[in-house]
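For the sequence shown, the residue numbers in full-length UniProt numbering are 1 to 281.
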Amino acid sequence: MCTDENTKSRNSEAQLQRAFKTTNLNVTSAFYRNYSNHGLNPLFKMSNKGSAYGKAAGDTDFRKKYDLDEYAAKAKEREDAEKEERKARYEAKMAGKKYYKPMDGTETFTTARNATQDFSKLVGTTTLVPAGAGVGKRGRGAGFYCSDCDLTFKSNLEFISHTNSMQHQRAIGQTGQVRKATVEEVHARIEALWQRQEELKKEQVIGLKERLKVRKEEEEKEREEKRRKRKEAEEKKRLEKEAALKIKTEYGEDVRIDGEHDEDDMMAAMGITGFGSTAKK
1 MCTDENTKSR NSEAQLQRAF KTTNLNVTSA FYRNYSNHGL NPLFKMSNKG SAYGKAAGDT
61 DFRKKYDLDE YAAKAKERED AEKEERKARY EAKMAGKKYY KPMDGTETFT TARNATQDFS
121 KLVGTTTLVP AGAGVGKRGR GAGFYCSDCD LTFKSNLEFI SHTNSMQHQR AIGQTGQVRK
181 ATVEEVHARI EALWQRQEEL KKEQVIGLKE RLKVRKEEEE KEREEKRRKR KEAEEKKRLE
241 KEAALKIKTE YGEDVRIDGE HDEDDMMAAM GITGFGSTAK K
């Protein structure tokens, strides 16, 4: 009797393994015993489409279904690609060369950047980084991050040098080589540059006339300001003379005016009465 039960259990486990084979699950004996101890039969549960309430369970069809074989193939493809990359990196390292991503034929020629790198906009900003971001350059961290190569650099000079490297060019799908221009393109470029130079000359002439006009206006304003100051100084001097003359007229010649007899007072203090001149003052 015991032998029959063991045989039945092993057969059920084998059936369970075959049933779960399509899902890539490793069903062990412990898994089967766990269901059996609770009075559950995994095979019965999988085949029975009724719900716990005795109703049809067909209303769960709205849930997204995954193609396990497709995802398994994608995982295998990714693992194979990573394995090939590791092998290529190792071979390049042993040969003393630098590893670059191999070209698949879809790359384009390298072209000049059509926009400048504005690092000033990052001043005062805050960036959230993972806990282990401070180790190495791989992954997003505190600094200048390259999303194409998944690398972080601590200075803008390193980041610019990286964007010009072959590693970055291969990552963005460029060959690192510049396409040779044709004769027609060279002629068109020269013509465009010539027209641009002519336009700049016209703008320069217009700008020179405007600058001369502005300079002339400024000089006129400076001359007007000098005339105004000169008139104010003359008017002030005239008023002072009129005031001094009025005082002399009213009080006579004995009136001392500030600054008028300073020289005589200084000579008297030094004991000098004169220099022997008979000329009258």
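Beta carbons are placed, not taken as given, at the ideal position from N, Cα and C, and that holds for glycine.
Pairwise C-alpha distance: residue j and residue i
i	j	result
Q169	A72	32 Å
T125	A142	12 Å
V186	E107	24 Å
E220	A181	56 Å
G207	E218	16 Å
E199	A115	24 Å
R63	K76	26 Å
N24	L68	Per-residue confidence for N24 stands at a pLDDT of 46, beneath the threshold of 50, marking its modelled position as unreliable; the derived number appears in the next sentence. Cα to Cα, the separation comes out at about 8 Å.
E84	I190	48 Å
L245	E234	17 Å
E232	R215	26 Å
G271	K248	28 Å
K121	S155	15 Å
R238	E222	24 Å
K226	K202	37 Å
R78	R196	52 Å
Y145	A112	20 Å
Y90	E184	46 Å
R179	K74	36 Å
L157	L193	31 Å
R228	K236	12 Å
T163	K65	42 Å
A95	R86	14 Å
K93	S165	18 Å
M267	E224	45 Å
E210	S147	49 Å
R230	K213	26 Å
T127	A188	46 Å
Under 8 Å between C-beta atoms of residue i and residue j
i	j	result
T110	T175	yes
A171	K97	no
C149	Q177	no
Y99	A88	yes
Q204	I160	no
Helix, strand or coil at residue i [DSSP, three-state]
i	result
Y71	helix
T22	Any answer about T22 is weak, because its pLDDT of 45 lies below 50 and its placement is not dependable; what the coordinates show is given next. Looking at T22 - three-state DSSP - the assignment turns out to be helix.
T152	strand
R138	strand
T126	coil
Q204	helix
F144	strand
T111	coil
Q174	strand
A95	coil
Y66	coil
F159	helix
D80	helix
K101	coil
A181	coil
S165	coil
M270	coil
E117	Per the sequence shown, the amino acid found at residue 117 is Gln instead of Glu. Reduced to three states, the DSSP call for Q117 is coil.
Neighbour-count burial assignment, residue i, 16 or more Cβ in a 10 Å radius
i	result
F119	exposed
Nearest-angstrom beta carbon gap, residue j and residue i [assumed within contact, 8 Å]
i	j	result
R140	V129	6 Å
Cβ-heavy atom distance, residue i to the ligand FAD, below 7 Å
i	result
E210	Inclusion of the ligand FAD in the displayed structure is not the case, the ligand content being empty and no account of it being possible.
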